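Just so we're aligned, residue 87 is where the sequence shown starts under the numbering used here, counting upward by one.
The beta carbon of each residue, even a glycine, is placed where N, CA and C say it ideally should be.
Since the model is a prediction, treat every value here as computed from it, not as a measurement.
Input: a single structure, listed below in structure tokens.
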Amino acid sequence: MADAGADPVAGFAEVVEAAAARSGEAVLVVPDGERLVVLAADGGAVVASCAQYAEVLLADRGAAEQGDDDELVVGLSAPAGPIAAAAAYKQAEQALSVARRRGRVLVEHEELAAGSVVPLLADDAVRAFADGLLRALHEHDATGRGDLVASLRAWLSRHGQWDAAAADLGVHRHTLRYRMRRVEEILGRSLDDPDTRMELWLALKTSASGG
């Protein structure tokens, strides 16, 4: 799947159709608004031409220093049979979204499963959620009444092990227990809830990745 203005999309269509003609491969090219959906054989000349075209675009962008608005971006699904076309389309959409967010020309869906979720936390909506979730704790710490954010990070990183987390912080475990009770009181949420712990950990990772 490709996403861009009319000229880049038209050029991309010509490249993949020419590759199919040269190799004798079957290819289906379907316009979808500003997007172009391409169905092609896995590992064939058409898929290879997508990667080659992306490399050329990347080199051109580096020289021209263009903005993102008119740039073509490609998202590739994992290999799929005809009956899984709908799932492949969704995977291509996900890869396309990640490519645009990261400023990449081409992203393969298989890269996403092999990588880390942490870079995805840079999304503005995720960062806004993290800032909102942790705001009250940061405001508390700003008064000098305790290091709740650092304590929460240490406790979660140690999977709730009081002695280990307290040692990391250089405080007594009773001090850490008091701080975690304050976290629960301020947030109005129980740290016994695994969903709460997961959301808080992701929020802390998002804040850390945002500098």
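Rounded C-alpha distance that separates residue i from residue j
i: residue 103; j: residue 160; result: 16 Å
i: residue 282; j: residue 288; result: 10 Å
i: residue 222; j: residue 291; result: 17 Å
i: residue 171; j: residue 198; result: 19 Å
i: residue 239; j: residue 258; result: 16 Å
i: residue 217; j: residue 192; result: 30 Å
i: residue 194; j: residue 134; result: 12 Å
i: residue 242; j: residue 280; result: 11 Å
i: residue 256; j: residue 188; result: 38 Å
i: residue 144; j: residue 101; result: 16 Å
i: residue 196; j: residue 220; result: 33 Å
i: residue 294; j: residue 173; result: 33 Å
i: residue 309; j: residue 175; result: Nothing can be reported for residue 309: it is not among the residues displayed for the chain, which extend from 87 to 297.
i: residue 253; j: residue 210; result: 34 Å
i: residue 136; j: residue 270; result: 51 Å
i: residue 184; j: residue 286; result: 23 Å
DSSP state of residue i mapped onto helix, strand, coil
i: residue 242; result: helix
i: residue 290; result: helix
i: residue 191; result: coil
i: residue 117; result: strand
i: residue 144; result: helix
i: residue 112; result: coil
i: residue 159; result: strand
i: residue 170; result: helix
i: residue 223; result: helix
i: residue 137; result: helix
i: residue 164; result: coil
i: residue 273; result: helix
i: residue 127; result: coil
Cβ pair residue i, residue j closer than 8 Å
i: residue 277; j: residue 266; result: yes
i: residue 106; j: residue 142; result: no
i: residue 250; j: residue 244; result: yes
i: residue 177; j: residue 164; result: yes
i: residue 126; j: residue 111; result: yes
i: residue 31; j: residue 113; result: The question about residue 31 has no answer, for the chain in this structure spans 87 to 297.
i: residue 130; j: residue 109; result: yes
Assumed close pair residue i, residue j - CB separation to whole angstroms, cut-off 8 Å
i: residue 182; j: residue 284; result: Actually they are not in contact, since the Cβ atoms of residue 182 and residue 284 sit about 27 Å apart, beyond 8 Å.
i: residue 263; j: residue 234; result: Not quite, the Cβ-Cβ distance comes to about 13 Å (not below 8 Å), so this is no contact.
i: residue 162; j: residue 95; result: At roughly 16 Å, the Cβ-Cβ gap does not stay under 8 Å, so residue 162 and residue 95 are not in contact.
i: residue 224; j: residue 232; result: Residue 224 to residue 232, Cβ: 12 Å. No contact.
Distance cut-off 7 Å: residue i Cβ against heavy atoms of the ligand HEM
i: residue 129; result: Here there are no bound small molecules, and the ligand HEM is not part of this structure.
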